[in-house]
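A.B. asks:
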Ligand code: SF4
Ligand code: ZN
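In our numbering, the protein residues as written are 1 to 313.
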């Protein structure tokens with residue numbers, strides 16, 4: 001009979017194929033939270049006195065991270081503020097914003113909601129409608145990622161945050177490693193890790209405390225804790241290369257349960273060598289339009305806007 005490996009409780013909720021561990025609800029929650037707190041210490045992701053800005057979409061990853069970072073806030077280790085970025089994806093983002101608000105109100109965490117529309121005057125849906133037939137149109141995730149990074153950095157400065165935390169999990173990180181390798185973006189690989197190593201010192205340091213937690217366990221954690229989260233998928237996600245790589249990794253994991261861990265471990269060993277050979281020079285430029293960090297005259301977000309203006313998109 002299956003009983004919890006830690007306390008003997010017969011009501012088990014998970015048998016981890018990667019480690020053989022069997023856990024009941026309470027021991028699963030405790031083990032998962034301990035693992036994340038252990039990684040935060042191990043990689044020195046936060047220091048006492050840090051003000052952390054959490055990117056809170058309302059999805060399972062960021063809601064789990066809100067719970068854990070809030071426990072550090074309650075112990076007076078860090079100060080915490082959450083930001084939800086409304087890209088303007090009709091029929092999808094509205095519910096995420098509502099759930100993010102609900103979770104921060106429950107915990108008493110300061111919450112900001114910022115939108116593409118308010119800052120830039122367009123939604124992601126507007127951009128895709130206007131650019132999809134243009135020859136140099138990019139995938140929605142490319143625009144979305146560039147503008148979201150811009151917002152995280154901007155809000156971090158407005159709030160005086162010393163770290164930006166995002167809910168990237170083990171699946172996301174393994175996908176990034178494979179994608180960049182397969183696309184030959186070796187310089188991007190040198191920037192993957194638990195803590196960002198930006199080329200521009202004006203960027204606030206980004207941390208990924210859930211980097212070693214598989215997506216499935218995060219799903220189980222929020223259900224086990226009875227947290228309200230936004231489970232719907234983004235309508236643009238299915239079209240991406242990342243989604244293809246994600247389903248490839250899921251297929252592999254079904255047969256080889258430790259494959260994501262070994263990919264990550266192998267990559268972490270290789271990274272110092274990659275950095276030595278391929279790391280780019282750091283730069284300290286600022287965008288002449290918005291004042292955010294930039295390697296050239298404009299930051300990436302403002303370069304897109306300028307091109308759309310020139311093309312009268
Ligand atoms: Fe943005 Fe792509 Fe994520 Fe949708 S899937 S929220 S478009 S990055
Ligand atoms: Zn700019």
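The beta-carbon is built from N, C-alpha and C at its ideal position, and this holds for glycine as well. Just so we're clear, the structure is a prediction, and the values are computed from it rather than from any experiment.
State the start and end residues of the unbroken alpha helix (DSSP H) segment that holds residue 301.
C.D. replies: Run containing residue 301: 300 to 310, per the alpha helix (DSSP H) assignment.
A.B. asks: Compute the minimum distance between the beta carbon of residue 78 and the heavy atoms of ligand 1, and state whether it is under 7 Å.
C.D. replies: Outside the cutoff, so no.
A.B. asks: Report whether the distance from the Cβ of residue 294 to the nearest heavy atom of ligand 1 is below 7 Å.
C.D. replies: The answer is no for residue 294.
A.B. asks: With 16 as the cutoff for other CB atoms within 10 Å, does residue 133 come out buried or exposed?
C.D. replies: Residue 133 should be labelled exposed.
A.B. asks: With H, G and I counted as helix, E and B as strand and the rest as coil, what does DSSP make of residue 140?
C.D. replies: Three-state DSSP puts residue 140 in a helix.
A.B. asks: Using DSSP with H/G/I as helix, E/B as strand and the rest coil, what is residue 89?
C.D. replies: Three-state DSSP puts residue 89 in coil, outside helix and strand.
A.B. asks: Would the region 235 to 242 count as touching the region 184 to 193 if we require 3 or more Cβ pairs under 8 Å?
C.D. replies: Contact between the region 235 to 242 and the region 184 to 193 is absent, because fewer than three Cβ pairs lie under 8 Å.
A.B. asks: For the alpha helix (DSSP H) containing residue 219, name the first residue and the last one.
C.D. replies: Per DSSP, residue 219 belongs to the alpha helix (DSSP H) from 215 to 224.
A.B. asks: Beta carbon of residue 170, beta carbon of residue 260: below 8 Å?
C.D. replies: Yes.
A.B. asks: With residue 35 and residue 286 assumed to form a contact (beta carbons below 8 Å), what rounded beta-carbon distance in angstroms separates them?
C.D. replies: Contact flag wrong, Cβ pair sits at about 39 Å.
A.B. asks: Can you look up residue 324 in the DSSP assignment and give me helix, strand or coil?
C.D. replies: The shown model of the chain, from 1 to 313, leaves out residue 324, and the question about it has no answer.
A.B. asks: Shorter than 7 Å, the distance from the beta carbon of residue 186 to the closest heavy atom of ligand 1, or not?
C.D. replies: Checking every heavy atom of ligand 1 against the Cβ of residue 186, none is found closer than 7 Å.
A.B. asks: Mark residue 96 as exposed unless 16 or more other C-beta atoms lie within 10 angstroms of its C-beta, in which case mark it buried.
C.D. replies: When all chains shown are included, residue 96 counts as buried.
A.B. asks: Would you kindly check if the distance between the Cβ of residue 221 and the Cβ of residue 64 is under 8 Å?
C.D. replies: Yes, the Cβ-Cβ distance between residue 64 and residue 221 is below 8 Å.
A.B. asks: Please specify which runs of the beta strand (DSSP E), each continuous and at least 3 residues long, are wholly inside the region 128 to 179, giving them in chain order.
C.D. replies: Taking only runs of at least 3 residues, the beta strand (DSSP E) segments lying wholly in the region 128 to 179 are 163 to 165.
A.B. asks: Leaving aside the five residues before and after residue 166 along the sequence, list all residues of the same chain whose C-beta is less than 7 Å from its C-beta, in chain order.
C.D. replies: Within the same chain, residue 166 has close Cβ partners 55, 206, 208.
A.B. asks: Pick helix, strand or coil for residue 36, following the three-state DSSP scheme.
C.D. replies: DSSP places residue 36 in helix when its eight states are reduced to three.
A.B. asks: Go ahead and pull the three-state DSSP assignment for residue 109.
C.D. replies: Residue 109 falls in the coil class under three-state DSSP.
A.B. asks: Measure from the alpha carbon of residue 204 to the alpha carbon of each residue in 172, 160, 137, 81, then state which is nearest.
C.D. replies: Minimum Cα distance to residue 204 is reached at 160.
A.B. asks: Between residue 90 and the rest of its own chain, which residues show a CB-CB distance below 6 Å, the 5 nearest in sequence each way excluded?
C.D. replies: Excluding residues within five positions, the ones whose Cβ falls inside 6 Å are 125.
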